[in-house]
Amino acid sequence: MTALFSGCAGILEEADKAVSGELKVVSRDSRNTAMGNVEIGAQIQNTGSDSKSGTLVAQVDVEGGDTHTQRKSVTVPGDQLRSYTVSIDIPMSDSLTGFEYRYDAWIQ
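Structural data, given as structure tokens:
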């Protein structure tokens, strides 16, 4: 997924979905905060009947810059869908000049 930071993000959806056991990321999106950071939203589905836990990994790859990764522990009850948001701090030098980035989220 690619987004451009300039007040509004343009997003390209990715067809493949990350899967780990019975937890899977079924959709992802990103938004830019007023402080110039990136928030990645992910909907995680548990296809099993029992509650499952895992680690949601969110990553932002700034074009011509660094890759930033953040992890969050998640638990989804059986046969349910939950939404999570991960905030990634982007260096002030990138966020002040505007930047393009690719993002992704998956279960580890």
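To get the numbering used here, take the position in the sequence shown, counting from 1, and add 42.
Built from N, CA and C at the ideal position, the CB exists for glycine as well.
Outcome for residue i when other beta-carbon atoms lying within 10 angstroms are tallied against a minimum of 16
i, result
"L123", "exposed"
"S125", "exposed"
Among the options, nearest to residue i - alpha-carbon criterion
i, options, result
"R113", "D92, F141, E81, G107", "E81"
"G120", "R73, G90, S95", "G90"
"S95", "T75, V116, V128", "V116"
Close Cβ partners of residue i (< 6 Å) along its chain, the five nearest in sequence each way excluded
i, result
"A147", "V67, R70, I82, A84, A100"
"T127", "E81, G83"
"T111", "Q101"
Within 7 Å, strictly: CB atoms of residue i and residue j
i, j, result
"T97", "D103", "no"
"I86", "V118", "yes"
Residue i beta carbon near the ligand NAD (any heavy atom closer than 6 Å)
i, result
"T117", "Of ligands this structure carries none, so the ligand NAD is not represented either."
Cβ-based neighbour list, residue i, same chain, cut-off 7 Å, excluding 5 preceding and 5 following
i, result
"D92", "G120"
Cβ-based neighbour list, residue i, same chain, cut-off 8 Å, excluding 5 preceding and 5 following
i, result
"R73", "A51, V80, E81, G83"
"T75", "E81, S129"
Rounded Cβ spacing between residue i and residue j (contact assumed at less than 8 Å)
i, j, result
"E105", "N88", "About 34 Å separates the two Cβ atoms, so there is no contact after all."
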